[in-house]
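According to the working numbering, the sequence shown is numbered sequentially starting from 104.
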Amino acid sequence: MPFFLEKGKKSPCGVTRVRQTQLPDRSQPSVTILCVSRSTATEGLLQPHVRRPIPKSESVSTSEFFNEIDRWETVTLEKIHKAANQARRQLTQLLNRDKDTLAKRFGMMTKEIRGRSEEDNFDENDIERLRQTINQMKISLKQLIQPTKTKTIIVTNDRIDWNRLIYVENEDNRIATLCSNSTYIHSDAEWVQNSITVAGGNGQGSGMNQLFYSWGLYVDDEQTIYVADTSNHRIMEWKYGATNGQVVAGGNRQGNGTHQLNNPYDVIVDKKSDSLIISDCGNKRVVRWPCLNGTSGETIISNIDCIGLAIDENGSIYVVDHGKHEVRRYSIGDTEGAVVAGGRGKGNRLDQLAYPYYVFVDRDHSVYVSDHGNHRVMKWKEDAKQGIVVAGGQGSGDDLTQLSNPRGVFVDELNTLYVADGGNHRIMRWSKEAAQGCVIAGGNDSGGKSNQLNNPVGLSFDRHGNLYVVDKNNSRVQKFNIDSNS
Numbered sequence: 104m105p106f107f108l109e110k111g112k113k114s115p116c117g118v119t120r121v122r123q124t125q126l127p128d129r130s131q132p133s134v135t136i137l138c139v140s141r142s143t144a145t146e147g148l149l150q151p152h153v154r155r156p157i158p159k160s161e162s163v164s165t166s167e168f169f170n171e172i173d174r175w176e177t178v179t180l181e182k183i184h185k186a187a188n189q190a191r192r193q194l195t196q197l198l199n200r201d202k203d204t205l206a207k208r209f210g211m212m213t214k215e216i217r218g219r220s221e222e223d224n225f226d227e228n229d230i231e232r233l234r235q236t237i238n239q240m241k242i243s244l245k246q247l248i249q250p251t252k253t254k255t256i257i258v259t260n261d262r263i264d265w266n267r268l269i270y271v272e273n274e275d276n277r278i279a280t281l282c283s284n285s286t287y288i289h290s291d292a293e294w295v296q297n298s299i300t301v302a303g304g305n306g307q308g309s310g311m312n313q314l315f316y317s318w319g320l321y322v323d324d325e326q327t328i329y330v331a332d333t334s335n336h337r338i339m340e341w342k343y344g345a346t347n348g349q350v351v352a353g354g355n356r357q358g359n360g361t362h363q364l365n366n367p368y369d370v371i372v373d374k375k376s377d378s379l380i381i382s383d384c385g386n387k388r389v390v391r392w393p394c395l396n397g398t399s400g401e402t403i404i405s406n407i408d409c410i411g412l413a414i415d416e417n418g419s420i421y422v423v424d425h426g427k428h429e430v431r432r433y434s435i436g437d438t439e440g441a442v443v444a445g446g447r448g449k450g451n452r453l454d455q456l457a458y459p460y461y462v463f464v465d466r467d468h469s470v471y472v473s474d475h476g477n478h479r480v481m482k483w484k485e486d487a488k489q490g491i492v493v494a495g496g497q498g499s500g501d502d503l504t505q506l507s508n509p510r511g512v513f514v515d516e517l518n519t520l521y522v523a524d525g526g527n528h529r530i531m532r533w534s535k536e537a538a539q540g541c542v543i544a545g546g547n548d549s550g551g552k553s554n555q556l557n558n559p560v561g562l563s564f565d566r567h568g569n570l571y572v573v574d575k576n577n578s579r580v581q582k583f584n585i586d587s588n589s
């Protein structure tokens, strides 16, 4: 009986199952093999054969087609074995990294205590700071020894990336970092309401322990914080547990030189190039600044009223053009960019934005934008002509269905949205397709207490699920620890 192999249902790994189907009795039957889903990640594993007429007198040999499938299987299994070995290496590196990081922190603290003890130079502030540091280490140690510390995660989708089919990241306190941009946070997670100051908090100023109307921030895997210290025209780096920060970009007074910044509004880290990407708003440019001993930056995007920044796994940079009410995506080497949200003038239609501020891009390249002037957050799927409202959009107000001057945005792996509700001095969480949000931090009127915020702007999470907020009018960055009992 003549037969052909055709595309069937997709397996859990995104590979199309193959089934046998009887051919109709035609004078020109044909054979086609289609056994992988359409995916750039799987191109070359098995190329579909062009339909080939077979004369009626020729007996159909099936061995060549099974051989093709066997070859595809061999190549696929080889890639899976490589991915498994990569996951084993990642697991080993992960465990060793966490142990080494904790050991370094203990060493630094011990050295400081010994030094101050010899100098008899302790005051109440030092004791309180050390107490907070010890408590943080206790939390980290607890996270390290939890049996659910690590987890092997099998990622499956239609566009298979064989290098990430199976990989390891840490999962502690019901949280696991799955990629550079997004984090898995349990839907029932809660945060300790009394936050701690991890940067600034010593009034407005230009000292190494001060901030001045800061906006955006970035938190890396080591819980090092990078802050766009806007009115000081610099980017500050605050290492874990540090009482003082250090200038890593700008800080040479306001200006447009390659060594200067002018009201930077956001900063992100490009891990591939080991550099900072900075929204140098006052100079209407986006600059790339080397992380290691960088003394000047390189302009990579010009003539743009830039505020928020984001980067995807391809290295494409997303920039909010505040003045043009749009978000543009710039591929590597691209100087023009393409509009991915807004771009139809100021307005409140679904295809418009009004003075947008910050942006987040997820793994599907959907763009989330804080539509500041419309008091809402919009989601634009890749190549969409208009967005959808995912938070707010009910006018300015403090009801749970409303936002007031939203700023920083973050989206986790469950598509839960977190937004800095600046005018209401609170951080809101909106579950996917929820009609209203809930307050997870702040919301106790404006103020400078540990459970209060005053015009929060930038926000982010570390790999443990702890929340970081730029508390702009208090000139500080606050950390809300995830509640391990939630």
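From the three backbone atoms N, C-alpha and C, an ideal C-beta is built for every residue, glycine too.
Where residue i and residue j are concerned, what is the direct C-alpha to C-alpha distance, given to the nearest angstrom?
i	j	result
Ala487	Gly511	22 Å
Gly500	Thr236	38 Å
Ile288	Asn305	32 Å
Ala345	Ile585	20 Å
His475	Lys214	46 Å
Asp424	Gly440	11 Å
Gly445	Asp574	28 Å
Gln349	Tyr421	27 Å
His428	Leu180	48 Å
Gly308	Gln239	27 Å
Asn365	Asn386	6 Å
Asp383	His184	45 Å
Ser399	Pro393	8 Å
Arg200	Lys374	17 Å
Val542	Asp173	55 Å
Asp467	Asn417	12 Å
Val572	Ile403	28 Å
Leu379	Arg219	34 Å
Asn569	Ala523	15 Å
Arg232	His336	28 Å
Alpha carbons only, please: which of the options is nearest the one belonging to residue i?
i	options	result
Arg529	Gly561, Asn518 and Lys535	Gly561
Leu520	Asp223, Val480 and Gly303	Val480
Asn347	Thr300, Arg452 and His336	Thr300
Thr438	Gly426, Glu222, Ser419 and Arg532	Ser419
Lys342	Val470, Thr204 and Arg452	Thr204
Ala544	Phe209, Met531 and Ile242	Met531
Gly551	Gln196, Arg219, Gly397 and Ser298	Ser298
Ser563	Phe583, Gln555, Ser553 and Gly546	Phe583
Ala494	Pro459, Trp533 and Val351	Trp533
Val580	Val390, Val330 and Ser290	Val330
Ile491	Leu453, Trp318 and Leu233	Leu453
Ile407	Gly397, Asn396, Glu536 and Val389	Val389
Gln539	Glu401, Asp229 and Asp502	Asp502
Ala537	Asp565, Gly496 and Asn547	Gly496
Ser469	Ile435, Val443 and Asp223	Val443
Phe463	Val430, His478 and Arg192	Val430
DSSP beta-bridge partners for residue i?
i	result
Ser382	Asp369 and Val389
Asp524	Pro509 and Arg529
Phe564	Leu570
Thr402	Val390
Leu320	Val330
Met339	Val330 and Val350
Lys449	Leu456
Phe463	Tyr471
Leu364	Gln357
Excluding the 5 residues flanking residue i on each side, which residues of the same chain have their C-beta closer than 6 Å to its C-beta?
i	result
Leu314	Gly303, Asp332 and Ser578
Ser334	Phe315 and Tyr316
Tyr321	Tyr329, Val370, Ile371 and Val372
Cys456	With the sequence shown as reference, residue 456 is identified as Leu, and Cys is not the correct amino acid for it. These residues qualify, in order along the chain: His428, Gly445 and Asp474.
Val351	Ile338 and Glu340
Excluding five sequence neighbours on each side, which residues of the same chain lie with their C-beta closer than 7 Å to the C-beta of residue i?
i	result
Asn576	Asn557 and Asn558
Would you say the beta carbon of residue i comes nearer than 8 Å to a heavy atom of the ligand SAM?
i	result
Arg447	No copy of the ligand SAM occurs in the structure displayed, which carries no ligand at all.
With a CB to CB cut of under 8 Å and the five nearest residues on each side skipped, what residues in its chain are close to residue i?
i	result
Ser549	His528, Gln555, Leu556, Asn557, Asn558 and Asn576
Any chance the region 311–330 sits against the region 355–362, with 3 or more Cβ pairs inside 8 Å? no
At least three beta-carbon pairs within less than 8 Å, the region 363–373 to the region 409–418: yes
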